[in-house]
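Input: a single structure, listed below in structure tokens.
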Amino acid sequence: MFLEGAVLRRRVTAGRRGGKFFCPEPRSHSQDRYRYQPARPIFPALQRLYRPFDTMVETVLRVVAGALLVTHGFGKITNPFGAVGMVESLGFYPGVFWSPLLAATEFFGGILVAIGLFTRPAAFASMIVLLVTIYFHGIVKAEGLAGAETSILWAAIFLSFAVRGSNAQSVDAKLGRQI
Numbered sequence: 001m002f003l004e005g006a007v008l009r010r011r012v013t014a015g016r017r018g019g020k021f022f023c024p025e026p027r028s029h030s031q032d033r034y035r036y037q038p039a040r041p042i043f044p045a046l047q048r049l050y051r052p053f054d055t056m057v058e059t060v061l062r063v064v065a066g067a068l069l070v071t072h073g074f075g076k077i078t079n080p081f082g083a084v085g086m087v088e089s090l091g092f093y094p095g096v097f098w099s100p101l102l103a104a105t106e107f108f109g110g111i112l113v114a115i116g117l118f119t120r121p122a123a124f125a126s127m128i129v130l131l132v133t134i135y136f137h138g139i140v141k142a143e144g145l146a147g148a149e150t151s152i153l154w155a156a157i158f159l160s161f162a163v164r165g166s167n168a169q170s171v172d173a174k175l176g177r178q179i
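Quick note: the sequence shown uses our numbering, first residue 1, plus one each step.
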């Protein structure tokens with residue numbers, strides 16, 4: 001507080017702008033400088049079009065991402081031990097444990113994310129699986145970014161749901177609780 005006053009006095013005495021003294025407003029300590037402030041729209045009239053779709057778009061993204069993960073995990077859940085060799089080649093031993101876990105995470109995690117039940121833990125588990133696929137495509141198969149870009153996008157989507165959780169159109173919201 002004392003230091004702010006000294007800096008403020010120095011600015012007042014040293015800074016002249018247009019023949020008038022420049023005195024900035026003192027900051028209050030309760031003011032949060034880093035709080036998120038949404039940007040003002042360039043065309044405010046379009047704001048009426050955006051608002052109704054705000055939560056709907058997030059719901060559509062959650063349902064589509066979960067449903068696509070279910071379809072990706074369906075082949076693995078019908079043959080849960082089919083990926084034993086692949087997971088062991090990545091260094092995950094024993095493969096008979098990790099392969100069914102991978103299948104269950106993709107299939108059931110996708111269902112949970114799509115309906116919005118236990119969204120945060122299901123999305124976090126799915127994101128971990130996708131980080132392993134980024135490693136697999138980018139490093140093991142040496143495909144680089146070309147092979148891992150889809151997994152990077154998926155991991156970012158599931159990271160968003162792991163951090164934010166689900167919205168009002170979800171089972172979590174209907175139950176009134178989120179993890």
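From the three backbone atoms N, C-alpha and C, an ideal C-beta is built for every residue, glycine too.
Keep in mind the model is a prediction, meaning the values are calculated, not measured.
Beta-carbon proximity of residue i to residue j, cut-off 9 Å
i, j, result
"proline 100", "proline 121", "no"
"alanine 125", "histidine 137", "no"
"isoleucine 157", "alanine 65", "yes"
"leucine 117", "valine 171", "yes"
"glutamate 106", "glycine 95", "no"
"valine 132", "leucine 175", "no"
"glycine 109", "leucine 61", "no"
"threonine 119", "glutamine 178", "yes"
Segment limits, alpha helix (DSSP H) that includes residue i
i, result
"valine 64", "54-78"
"phenylalanine 97", "95-115"
"glycine 85", "84-89"
"lysine 174", "171-175"
"glutamate 149", "145-164"
"isoleucine 128", "119-135"
"arginine 48", "47-50"
Reference residue i; option with closest CA among the options
i, options, result
"aspartate 54", "Gln169, Val96, Glu88", "Gln169"
"valine 129", "Ile139, Ala142, Lys141, Ser151", "Ser151"
"tryptophan 140", "Met86, Phe43, Met127, Pro38", "Reading off the sequence shown, one finds valine at residue 140, where the question assumed tryptophan. That would be Met86, whose Cα lies nearest to the Cα of valine 140."
"methionine 127", "Ala39, Val163, Pro38", "Val163"
"isoleucine 134", "Thr119, Ala83, Leu153", "Leu153"
8 Å contact criterion, which residue i and residue j should meet: CB distance rounded
i, j, result
"asparagine 167", "threonine 59", "6 Å"
*Three-pair Cβ contact test at 8 Å for the region 68-78 versus the region 95-110*: yes
*So does the region 111-119 actually touch the region 157-166, counting three or more Cβ pairs closer than 8 Å?*
yes
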